[in-house]
Each structure stands twice: as C-alpha cells, then as structure tokens.
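Contents: one structure, followed by commentary.
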Amino acid sequence: MQPVPPSAIDTPPQRLCASADLIERGRAHGFDLTWNGQTVPAFALRFEGRVVAYLNRCAHVPVEMDWQPGQFLDQDGRWIVCAIHGAAYEPADGHCVAGPCAGRRLQAVRVMEHDGSVFWWPQAPLARPTRSESPSATRPVPTCVAPPPEALP
Ligand code: FES
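Going by the working numbering, the sequence shown opens with residue 347, and the numbers climb by one from there.
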C-alpha cells in the first residue's frame with residue numbers, strides 16, 4: 347500500500363496512534379470502523395518497518411482473530427495467525443498462505459504514517475493490497491502454525 351498524502355483524497359484522515367506505539371512485529375493497535383454499514387474491529391501493526399492495517403475478521407469465518415487482545419502474530423512474528431483454526435496470513439499484504447482459507451485475504455484498511463503518527467481514513471474505500479507475485483514462489487509457507495503457549499487453555 348503506497349502512502350497517500352492527506353490532501354489526495356476527500357475524506358480527511360484521522361490519527362490512529364503514535365508511530366512509536368507500533369513496534370516492529372509487536373502488539374497491534376485495535377480500532378473500530380464502519381464497513382458495509384456495520385461497526386467492525388480492525389487492527390494496525392508494524393511489519394518490516396511498514397504499518398499495515400486490516401479488518402479483524404478472518405477470511406474463513408468472519409470472527410476476530412487475535413490470540414489475546416492485540417496479539418495477531420505467531421511466536422516468530424512472521425505470520426498473522428487466526429486463533430480459531432490457525433489460518434496463516436502474510437502480514438505485508440493480508441494474503442492467506444495456509445489454512446482453511448488459503449488463497450483468500452484479509453480486508454486491508456488504508457493507513458499512512460506522517461510526522462510521527464499513524465493515520466487512517468474512516469470513510470475512504472478500504473484499501474486493496476496489490477500482489478505482484480505468487481506467494482509460493484517467493485516466500486516460505488508455514489507447514490505448521492502452533493498457537494503461542496500462553497494462548498492455549
Ligand atoms: S475462523 Fe479463522 S481459520 Fe477458521
């Protein structure tokens with residue numbers, strides 16, 4: 347997702363959090379937005395230096411995915427993993443690379459960083475992440491995604 351200057355679209359962006367609040371592969375910042383007339387949860391996290399944001403809604407079953415509030419990544423911080431059935435998503439673009447919804451993707455939310463803050467657009471169309479390569483050709487695919495020990499009952 348390319349950064350879009352605030353003046354480039356009609357809906358003014360709103361500040362979500364400080365850039366420093368999102369540490370690399372750390373806890374996500376949760377927020378709500380209106381999507382298809384419903385209030386739905388979303389989250390933003392930092393992966394490979396870039397802030398990405400998605401609806402907190404698995405592509406398999408539309409349920410929230412975090413293990414604990416704000417915890418979406420696996421133990422290695424490599425994949426977004428759904429706590430329900432273990433679907434693994436590429437954090438960079440939301441593409442599901444393993445699990446019951448492999449080949450589908452998370453719904454991205456348009457975000458940008460500016461002047462030490464993260465912004466999002468409440469009324470802008472949700473972003474469509476672009477994908478120019480095959481996931482299996484360019485990145486490792488998890489063969490087994492185990493939940494973090496603290497997430498197990
Ligand atoms: S609900 Fe997420 S993998 Fe099934």
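The beta-carbon is built from N, C-alpha and C at its ideal position, and this holds for glycine as well.
By DSSP's assignment, V427 forms a beta bridge with A434.
Minimum Cα-Cα distance from P446 among the listed residues H431, G383, T357 corresponds to H431. Rounded to whole angstroms, the gap between the alpha carbons of V409 and T380 is 16 Å.
Going by DSSP, T357 is part of no beta strand (DSSP E) at all; its letter is neither H nor E. C363 is positioned such that its CB atom lies closer than 7 Å to that of V464. Inter-residue distance for I369 and V386 is about 24 Å (C-alpha atoms, whole angstroms). Remark: C-beta atoms of M411 and A434 do not approach each other more closely than 7 Å.
In this structure, G416 places its C-beta atom within 7 Å of the C-beta atom of R373. Linking G449 to H406 through their CA atoms gives a straight-line distance of about 11 Å. Around the beta carbon of A366, a 10 Å sphere encloses fewer than 16 other beta carbons of the protein chains shown; the residue is thus reported as exposed.
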